[in-house]
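A short worksheet on the structure shown next.
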């Protein structure tokens with residue numbers, strides 16, 4: 006089992022709707038989690054980090070962490086075509102190593 | 050602040066040839082990482098430096114890959130000899146100490162033919 010699991014997608018969401026991206030992790034010792042956005046042919050860009058259970062909001066983005074369920078999610082409100090990208094979930098495990106999932110491809114439909 | 054700078058942006062070499070990638074991290078970032086990313090996959094850690102010290106190189110194929118970070122700033126990743134399976138994007142990233150997320154460079158896309 007990979008340490009960080011994501012559905013590879015593609016996930017298609019109509020413009021203006023809420024996009025929901027999910028991620029699970031296996032190491033209960035993981036303390037911090039990150040969401041990166043990666044456009045085709047570009048390098049990953051950090052968009053959200055979360056360290057505590059609950060929600061963290063930043064503009065149209067909300068990260069959610071549930072350590073009991075070992076579950077991390079990213080919500081994108083009012084989805085725009087420019088949000089179409091691959092979203093990588095990553096967690097820092099007990100060995101202080103950041104492990105990435107394979108990423109979920111998101112398509113926002115105009 | 051300037052970002053993480055990598056060069057070259059693209060590299061095409063024949064198999065069995067050597068290749069080197071260079072990275073200059075963000076000023077003040079003590080931690081530097083080299084990642085490998087294959088198409089459709091997430092980045093996979095090759096090596097992590099804390100200043101000059103390689104603190105995690107467990108995933109680095111040491112028979113053909115080597116890395117150095119002299120003076121705790123710039124870093125070079127080398128492959129010798131390159132194999133067809135080494136074709137990938139090599140990403141450098143840096144961070145401050147303390148568990149923050151990384152900032153990635155633009156990457157080097159390596160094609161081995």
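Chains as they are written, first to last, in our numbering: chain A, 6 to 115; chain B, 50 to 162.
No residue lacks a Cβ here, since even glycine has one placed at the ideal position from N, Cα and C.
Query, Result
"Own chain residues within Cβ distance below 7 Å of residue 85 of chain A, not counting five before or after", "20 and 113"
"For residue 110 of chain A, the residue or residues it bridges with in DSSP", "A:91"
"Below-8 Å beta-carbon distance, residue 64 of chain A vs any chain B residue", "no"
"Members of the segment 132-147 of chain B that neighbour chain A once the beta carbon cut-off is set at 7 Å", "140"
"Beta-carbon neighbours of residue 152 of chain B, restricted to chain A and to distances below 8 Å", "51"
"Cut-off 7 Å between Cβ atoms - residues of its own chain near residue 135 of chain B, not counting five sequence neighbours on either side", "128, 159 and 161"
"Same chain only: Cβ atoms within 7 Å of residue 56 of chain A, ignoring 5 sequence neighbours per side", "36 and 37"
"Spatially closest choice to residue 132 of chain B from B:117, B:149 and B:110, by CA coordinates", "B:110"
"Beta-bridge pairing of residue 115 of chain B - partner residues as DSSP gives them", "B:127"
"Nearest-angstrom Cα separation, counted from residue 119 of chain B out to residue 68 of chain B", "18 Å"
"Within 8 Å of chain B by C-beta, residues of the segment 82-98 of chain A in sequence order", "93, 95 and 97"
"8 Å Cβ cutoff met for residue 105 of chain A and residue 90 of chain A", "no"
"Coil, strand or helix - residue 19 of chain A by DSSP", "strand"
"Residue-chain proximity (residue 31 of chain A, chain B), Cβ-Cβ < 8 Å", "no"
"Neighbourhood of residue 115 of chain B by C-beta distance below 6 Å, restricted to the same chain and skipping five residues each side", "127"
"Residues sharing a beta bridge with residue 103 of chain B, DSSP", "B:98"
"Test: residue 14 of chain A CB closer than 8 Å to a CB of chain B", "no"
"Neighbour list for residue 94 of chain B in chain A, Cβ cutoff strictly below 9 Å", "102, 103, 104 and 105"
"Distance CB(residue 48 of chain A)-CB(residue 154 of chain B) smaller than 8 Å", "yes"
"Contact with chain A by residue 123 of chain B, beta-carbon distance below 8 Å", "no"
"The segment 66-80 of chain B in contact with the segment 136-144 of chain B per 3-pair CB rule at 8 Å", "yes"
"Reduced DSSP category for residue 135 of chain B - H, G, I as helix; E, B as strand; rest coil", "helix"
"Alpha-carbon spacing of residue 65 of chain A relative to residue 65 of chain B, whole angstroms", "48 Å"
"Residue 63 of chain A - containing beta strand (DSSP E), residue span", "59-63"
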